[in-house]
Amino acid sequence: MKKAFYCILIFIFILNGCSLKREFVNPNQSLLLKDDKSLVSINFKKTNKILKIRNIDTPLYLNSKHIIYLNRGFANKYAHYLWADLPSDLYSSLILSKFEQSQIFISAFSQVSSLKADYILESKINAFNQIINLHENYVQISISVNFIDLEKNQMIAHKNFSIKENIEKKDIYATHNAFEKALNTLTNEIVLWVNCNL
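Take the sequence shown: its position 93, counting from 1, is numbered 562 in my numbering, and each next residue is one higher.
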């Protein structure tokens, strides 16, 4: 009788063990850079023109969702963290959001729109990296921008925007916060620069 009881008990234990729900933990986490909405309170010079944001040029190594860091000159990538989108798309959506907030133009849209625009903003991402040295840990973003008048078919202005944002701690959340702050600051500068060149 005891033997049968132990067999039933072991059978129930095995049955319960096989039916336990196992949680799947995704080893890759996607990081998104959000708009800090810091341009809402600024009073911009308005125009009744339309702005189109052209597709962003990037170096080949940035055509990936991998978060790139440079350590003593060697490029590496985080193993378990990715951008939610390509760096060019993160920048494109953020700059478009900033122009919509500013209401400088009656409309601002991306390259995919078939509407005709009065102005074009061309951008090239030169750097979108974390830099790690013996004594430094920071984010570096560099973007070259052309502001073009389509009606006159001429360049209004060209500028290279570059920013360095220190990373407070050695963890991915501090790195994410530094990238988000740097990209928001840089896109704010671009919007202000475009407004000054109208």
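The beta carbon of each residue, even a glycine, is placed where N, CA and C say it ideally should be. Computed from a predicted model, the values in this text were never measured in an experiment.
Proximity below 9 Å, CB of residue i to CB of residue j
{"i": "aspartate 587", "j": "leucine 555", "result": "no"}
{"i": "glutamine 599", "j": "histidine 549", "result": "no"}
{"i": "threonine 654", "j": "isoleucine 636", "result": "no"}
{"i": "tyrosine 547", "j": "tyrosine 560", "result": "no"}
{"i": "glutamine 580", "j": "leucine 508", "result": "no"}
{"i": "asparagine 664", "j": "isoleucine 575", "result": "no"}
{"i": "isoleucine 610", "j": "aspartate 558", "result": "no"}
{"i": "leucine 531", "j": "phenylalanine 597", "result": "yes"}
{"i": "leucine 500", "j": "isoleucine 641", "result": "yes"}
{"i": "valine 608", "j": "alanine 553", "result": "no"}
CA-to-CA distance, residue j to residue i, given in whole angstroms
{"i": "asparagine 517", "j": "leucine 563", "result": "22 Å"}
{"i": "isoleucine 601", "j": "asparagine 540", "result": "5 Å"}
{"i": "alanine 704", "j": "leucine 603", "result": "Any question about residue 704 goes unanswered here, given that the chain covers just 470 to 667."}
{"i": "threonine 527", "j": "serine 592", "result": "9 Å"}
Counted within 10 angstroms of its Cβ, other Cβ atoms place residue i as buried (16 or more) or exposed
{"i": "asparagine 606", "result": "buried"}
{"i": "lysine 676", "result": "For the chain, the structure presents residues 470 to 667; residue 676 sits outside this window and is missing."}
{"i": "histidine 627", "result": "exposed"}
{"i": "histidine 645", "result": "buried"}
Contacts around residue i, its chain only, beta-carbon distance under 7 Å, and the 5 residues preceding and following it disregarded
{"i": "valine 494", "result": "For valine 494, the pLDDT reaches just 43, beneath the cut-off of 50, and the residue's location in the model is therefore unreliable, although a value from the coordinates is still provided. Excluding sequence neighbours, valine 494 sits near nothing in its chain."}
{"i": "isoleucine 625", "result": "Phe616, Ile617, Asp618 and Asn666"}
Sequence-distant residues of its chain with Cβ nearer than 8 Å to residue i (five each side left out)
{"i": "phenylalanine 578", "result": "Ile519, Leu520, Lys521, Ile522, Leu565, Leu584 and Ala586"}
{"i": "lysine 534", "result": "Ser499, Leu551, Trp552, Ala553, Asp554 and Leu555"}
{"i": "lysine 672", "result": "The question about residue 672 has no answer, for the chain in this structure spans 470 to 667."}
Cβ shell of residue i (< 6 Å), same chain only, five flanking positions each side left out
{"i": "glutamate 649", "result": "Leu502"}
Practice item. Evaluate contact between the segment 611-630 and the segment 656-666, counting only Cβ atoms and requiring at least three cross-stretch pairs below 8 Å. Key: yes
Quiz prompt | Inter-stretch contact at 8 Å, needing at least 3 Cβ pairs: the segment 584-601 / the segment 504-524 | solution = yes
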